[in-house]
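Data first, discussion second: the structure below is written as structure tokens.
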Amino acid sequence: MLDPRVQRRHRLRNASQAVLIVGGMVAVLALLAWAFFGPVGLLVALGAAVVVLAFRPVPSPRLVLSMYRAREVPPWVLPELHRFVRVLAERGGLPAVPRLYYVASPMLNAFAVGRGDEAAIAVTDGLLRSLPGRELAGVLAHEVSHIRAGDLWIMNLSDVLGRVTHALAYGGLLAVLVSLPVTLGGDYPSLWLLALLGALPTVVSLLQLALSRSREYDADLEAAVLTGDPDGLADGLERLERATGRIWERVVVPHRRAPDPLLLRTHPATEERVRRLRRLVPRTDRDRLGGHAPLRPSAYRPVAAPVRLRFPGVRW
1 MLDPRVQRRH RLRNASQAVL IVGGMVAVLA LLAWAFFGPV GLLVALGAAV
51 VVLAFRPVPS PRLVLSMYRA REVPPWVLPE LHRFVRVLAE RGGLPAVPRL
101 YYVASPMLNA FAVGRGDEAA IAVTDGLLRS LPGRELAGVL AHEVSHIRAG
151 DLWIMNLSDV LGRVTHALAY GGLLAVLVSL PVTLGGDYPS LWLLALLGAL
201 PTVVSLLQLA LSRSREYDAD LEAAVLTGDP DGLADGLERL ERATGRIWER
251 VVVPHRRAPD PLLLRTHPAT EERVRRLRRL VPRTDRDRLG GHAPLRPSAY
301 RPVAAPVRLR FPGVRW
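Going by the working numbering, the residue at position 220 of the sequence shown is 220; the numbering climbs one at a time, nothing skipped.
Shown next as structure tokens:
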């Protein structure tokens, strides 16, 4: 149903971006290890990254959901929502249907946690009451695509690489500062090393944000494949952008759009995401998930409390 040529082009571009970004992070880590410890240090650093990745504790999905006080949605409360997720999971070939959770927040948001049998998708009250069924199906397909692609593991890998790189850079920075009297005595290459060590953590952080944006593009494409309706997701993204813009306008920059530099975003610009989605398929009618009205769960009362920062540091 989707244009196969555009689909292949998008997949190739998304995969290339992810490989280049992860490769760049590995290269920065290797450069630091080689500079300080030589070939042996390079092997030790890469080995440490593998060990940390293998044994690093990953937060339980239940713990993350409890931070948002999320409640599991019974099938009888929102049968249509359960049908969306079940159909999308079947189309995506997931081993199990992700569980559905409800977050009592006026924010328009949805997120996925876990993988395999532990996968879950949480949706906010604001999202359910604001998005028509067709757009909500696109957003849910986006989250199913994250689970299907193992994006949580990929971002965990980038986090490990970033932490090891930061540790090496800050350790080297401390070593250079300890030898600062020698540096001031005329050892000018150490000054360049000091500047390099100070800049590398920022470079790695920017690469992590770029990887996050790349995975969002990939999830958009796969969501369009799952629903066969890229316009539904595109319309939903535009609606979310308008709602988020109004919140930030009130809080940060009244009467104007909040500044949001592209390099500091975890998500790409909505305009670019929408442009890519709209190019995937010509305007033709087809069977699609969802209609033109929000689901509006009658079993839950509308949330009137304002969005605020709550314990243990999450905003909802």
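All C-beta atoms, glycine included, are put in the ideal place defined by N, C-alpha and C.
Here the structure is a predicted model, which is why all the values come from computation and not from measurement.
Leaving aside the five residues that flank residue 108 on each side, the residues in its chain whose CB is nearer than 6 Å to its CB run, in chain order, 126, 127, 130, 240, 243. Contact between residue 122 and residue 65 holds: their C-beta atoms lie close to 6 Å from each other, under 8 Å. The continuous alpha helix (DSSP H) containing residue 85 extends over residues 79 to 92. Residue 111 is bridged by DSSP to 122. For the pair of segments examined, the segment 135 to 151 was found to touch the segment 219 to 231: the number of CB pairs separated by less than 8 Å reaches three. Judged by their CB atoms, residue 290 and residue 84 are nearer to each other than the 8 Å cut-off. Annotation for residue 151: 215 place their beta carbon closer than 6 Å to its own, counting only its chain and skipping 5 residues before and after. The beta carbon of residue 94 sits closer than 8 Å to the beta carbons of 119, 144, 147, 148 from its chain, once the five residues preceding and following it are set aside; these are given in chain order.
Cβ-Cβ distances below 7 Å link residue 169 to 32, 197, 200, 201 in the same chain, with the five nearest sequence neighbours on each side left out; the list follows chain order.
Under the 10 Å beta carbon count, residue 44 is surrounded by fewer than 16 other beta carbons and is classified as exposed. CA-to-CA, the gap between residue 308 and residue 132 works out to about 26 Å. A direct Cα-Cα distance of roughly 11 Å separates residue 67 from residue 60.
Following the DSSP letters along the chain, one finds residue 100 inside the beta strand (DSSP E) bounded by residues 99 to 103.
A buried status is given to residue 115, since no fewer than 16 other beta-carbon atoms sit within 10 Å of its beta-carbon.
The Cβ-Cβ distance between residue 86 and residue 232 does not fall below 8 Å. Excluding residues up to 5 positions away in sequence, 110, 236 lie with their Cβ nearer than 6 Å to the Cβ of residue 139 in the same chain. DSSP places residue 148 within a helical segment (H, G or I) once states are collapsed to three. Residue pairing by DSSP places residue 296 in no beta bridge whatsoever.
Contact check for residue 34 and residue 46: beta-carbon distance about 11 Å, past the 8 Å limit, so the pair fails to qualify. Collapsing the DSSP output to three states places residue 201 in a helix.
When the Cα atoms are used, residue 82 and residue 70 turn out to be separated by approximately 16 Å. Taking 8 Å as the cut-off, the Cβ atoms of residue 77 and residue 89 do not count as close.
Around the beta-carbon of residue 195, fewer than 16 other beta-carbon atoms lie within 10 Å, marking it exposed. Annotation for residue 132: no alpha helix (DSSP H) segment contains it, and DSSP assigns it neither H nor E.
In this structure, 155 is the residue among 155, 208, 92, 38 with its C-alpha nearest to the C-alpha of residue 113. In the DSSP assignment, residue 64 falls within the unbroken alpha helix (DSSP H) covering 61 to 67.
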